[in-house]
Amino acid sequence: MDFQNRDGVRFNRGSGISASEANVDRRDRLKRLAMETIDLAKDPYFMKNHLGSFECKLCLTLHTNEGSYLAHTQGKKHQINLQRRAAKESRENMNMQPLPGADNTSKVQIRHIAMKIGRPGYKVTKVRDPVTLQSGLLFQIYYPDIATNVKPKHRFMSSFEQHVEAPSKYFQYILFAGEPYETIAFKIQALEVDMSAEKFWSYWDVDSKTFHLQFFFKATSFKDLPN
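When we follow numbering that gives the first Met the number 0, the leftmost residue of the sequence shown carries the number 0, and every step to the right adds one.
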């Protein structure tokens, strides 16, 4: 019987396959398996962000396409995190079980999971200190339907922390988050920010539901960056 030309049969002809080729082959097989068994519409950890890439909310990873995300779901990291989440929820459920002889009429703790409602509106303005001539930016982010008792947050992120674009030493990002809105990010120059109290301030206007953030760079002007 001729086994050589049968589908799925691979012969080692002396050189073998490299470790990188084996990893690529494994990821392709996992991707095909995931595409046959996983419905992304029902995956609670799958999210498309404002940059057009895909995120795993469980593992906090970024993926350029759905296939990459599906392959990730079959990987060791995702599977371990799924087990940890299941164990955590199991412990929480056990803690919520009434003790024998206890008053079963007591209130049961209910977990609320906020559903994302899209990106907030925003306005970005270039500003300049008239005395020091420092350049800066003013961000105004609008959260008309922000959750009760939630205050928006922000943080700076290095270009090397993200996996959506090729990292560059010339740029950094500033992120804004406020449930139930999606987190948004702005790409700015990687200049040192003046963190002194008179140059860096933020304000959450509860009445207008607008988050203000203004800061100045220590440099007096924006740099000319390479193309």
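By construction, the Cβ of each residue, glycine as well, lies at the ideal position given by its N, Cα and C atoms.
Distance check between residue 199 and each of 188, 171, 214 places 214 closest, using alpha-carbon atoms only.
Taken atom to atom, the span from the alpha-carbon of residue 195 to that of residue 153 is near 17 Å.
The beta-carbon separation of residue 191 and residue 216, rounded to 7 Å, stays under the 8 Å limit for a contact. In the DSSP assignment, residue 209 falls outside any alpha helix (DSSP H) and lies within the beta strand (DSSP E) extending over 209–216. Apart from the 5 residues on each side of it in sequence, residue 76 sits with its Cβ closer than 7 Å to the Cβ of 58 in its chain, given in chain order. Of all alpha-carbon atoms in 212, 197, 67, 202, the one lying nearest the alpha-carbon of residue 155 is that of 212. Residue 56 places its beta carbon less than 8 Å from that of residue 44. A buried status is given to residue 119, since no fewer than 16 other beta-carbon atoms sit within 10 Å of its beta-carbon.
For residue 176, the enclosing beta strand (DSSP E) begins and ends at 170–176.
Here residue 133 carries a coil assignment [DSSP, helix/strand/coil]. The distance from the Cβ of residue 140 to that of residue 151 is about 6 Å, consistent with a contact at the 8 Å cut-off. According to the DSSP secondary-structure assignment, residue 123 is paired through a beta bridge with 138. The beta carbon of residue 24 is closer than 8 Å to those of 16 in its chain, skipping five residues each way along the sequence.
Residue 61 has 54 as its beta-bridge partners, per DSSP.
Residue burial is scored here from C-beta neighbours: residue 160 has fewer than 16 other C-beta atoms within 10 angstroms and is therefore classed as exposed. Nearest neighbour of residue 136 by Cα position, chosen from 60, 51, 143, 201, turns out to be 201. Spatial neighbours of residue 163 in its own chain (CB-CB distance under 7 Å, excluding positions within 5 residues in sequence) are listed in chain order as 50, 52, 61.
As computed with DSSP, residue 154 is found in a beta bridge with 174. For residue 201, the enclosing beta strand (DSSP E) begins and ends at 199–204.
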